[in-house]
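All residue numbers for the sequence shown refer to the working numbering, where the first residue is 394 and numbers rise by one. Working notes, beginning with the structure itself.
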Amino acid sequence: MANGTGTYYHHEDLLSTYRGQWHNDIQEGFGVEERSDGTKYMGIFRNGKKSEHGKYIWKDGSECEGNWSDNLIQGPAKYVTSDGRCYAGQWSKSTIQGVGKYTYPDGKCYSGQYAEDVKSGFGIFTWSDGRRYEGFWVGGKQNGHGWFSDAKNGKKVDAQWDNGKFVKDNAPVEGASVEGATAGGA
394 MANGTGTYYH
404 HEDLLSTYRG
414 QWHNDIQEGF
424 GVEERSDGTK
434 YMGIFRNGKK
444 SEHGKYIWKD
454 GSECEGNWSD
464 NLIQGPAKYV
474 TSDGRCYAGQ
484 WSKSTIQGVG
494 KYTYPDGKCY
504 SGQYAEDVKS
514 GFGIFTWSDG
524 RRYEGFWVGG
534 KQNGHGWFSD
544 AKNGKKVDAQ
554 WDNGKFVKDN
564 APVEGASVEG
574 ATAGGA
């Protein structure tokens, strides 16, 4: 029966190696699990599962660090992709769920609510040129009431959106425009 610190080589499905702490033949405590597909997890194991705090690294260099429960990302975590996108916020069962901030390498940023990996609820999307949408989202697109402001003229438009498309201006302001206000799936 394994107790203490040791290494285990697993040869079913994916070849994997676990180096770390054991209790009664179960991964328990800090450990490092490496798989033949190039993925790696470093962190806490409880009853043989990724738990509490840990960091998972994919073959392409993307990584996620934060809280885990029963092998799933759960609670606050930070995910950084190999191309530089970054999400920091809440997760539930390895799905972006709750409030978080997603930044893009080109300077765009979304800060707000998510449901099942997509923008949903209230959020603020800012483009790198200063344009900004503050309002409601459904299925990853602007939907319902929102405000769009353009950095060029400083005007703010109070408007309605449907499925990512501008529908109507609630309170027309001279010189204000919603041109370029669709964030879509970004």
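Built from N, CA and C at the ideal position, the CB exists for glycine as well.
Other residues of its chain near residue i: CB distance less than 8 Å, five sequence neighbours each side excluded
{"i": "Asn561", "result": "The sequence given here places Lys at residue 561; Asn does not occur at that position. These residues qualify, in order along the chain: Ala552, Gln553."}
{"i": "Ala544", "result": "Asp522, Gly523, Arg524, Arg525"}
{"i": "Ala432", "result": "The sequence as given places Thr at residue 432; Ala does not occur at that position. Excluding sequence neighbours, Thr432 sits near Tyr449, Ile450, Trp451, Lys452."}
{"i": "Met394", "result": "Asn417, Asp418"}
{"i": "Gly477", "result": "Tyr497, Pro498"}
Proximity below 7 Å, CB of residue i to CB of residue j
{"i": "Trp484", "j": "Ala470", "result": "yes"}
{"i": "Val511", "j": "Gly533", "result": "yes"}
{"i": "Gly493", "j": "Tyr472", "result": "no"}
{"i": "Gly505", "j": "Gln535", "result": "no"}
Cβ distance (whole Å) where residue i is taken to contact residue j below 8 Å
{"i": "Gly441", "j": "Val425", "result": "Actually they are not in contact, since the Cβ atoms of Gly441 and Val425 sit about 15 Å apart, beyond 8 Å."}
C-alpha gap between residue i and residue j, whole angstroms
{"i": "Tyr339", "j": "Ser475", "result": "Lying before the first or after the last residue shown, residue 339 is absent from the chain, which here runs from 394 to 579."}
{"i": "Glu613", "j": "Lys486", "result": "There is no way to answer for residue 613, as the model of the chain reaches only from 394 to 579."}
{"i": "Phe515", "j": "Gln490", "result": "13 Å"}
{"i": "Lys443", "j": "Phe423", "result": "10 Å"}
{"i": "Ser521", "j": "Gly500", "result": "5 Å"}
{"i": "Cys479", "j": "Cys502", "result": "10 Å"}
{"i": "Tyr401", "j": "Gly523", "result": "52 Å"}
{"i": "Phe529", "j": "Trp415", "result": "48 Å"}
{"i": "Asn563", "j": "Val550", "result": "8 Å"}
{"i": "Gly482", "j": "Thr488", "result": "11 Å"}
{"i": "Ser513", "j": "Glu456", "result": "24 Å"}
{"i": "Asp555", "j": "Asp430", "result": "42 Å"}
{"i": "Glu509", "j": "Phe559", "result": "24 Å"}
Contacting residues, own chain, Cβ-Cβ under 6 Å from residue i (five flanking each side not counted)
{"i": "Met435", "result": "Val425, Lys448"}
{"i": "Gly468", "result": "Asn460"}
{"i": "Glu405", "result": "none"}
{"i": "Thr519", "result": "Cys502, Arg525"}
{"i": "Asp463", "result": "Lys442"}
{"i": "Gly537", "result": "Phe529"}
Contact set for residue i: own chain, Cβ-Cβ below 7 Å, skip 5 residues either direction
{"i": "Glu527", "result": "Ile517, Gly539, Trp540"}
{"i": "Gly454", "result": "Ser475"}
{"i": "Gln420", "result": "Tyr411, Gly413, Phe438, Gly441"}
{"i": "Val531", "result": "Ser513"}
{"i": "Leu382", "result": "Here the chain comprises residues numbered 394 to 579, so residue 382 is not present and cannot be evaluated."}
Per-residue burial, residue i [other beta carbons within 10 Å of its own, 16 or more giving buried]
{"i": "Ser542", "result": "buried"}
{"i": "Thr398", "result": "exposed"}
{"i": "Glu458", "result": "buried"}
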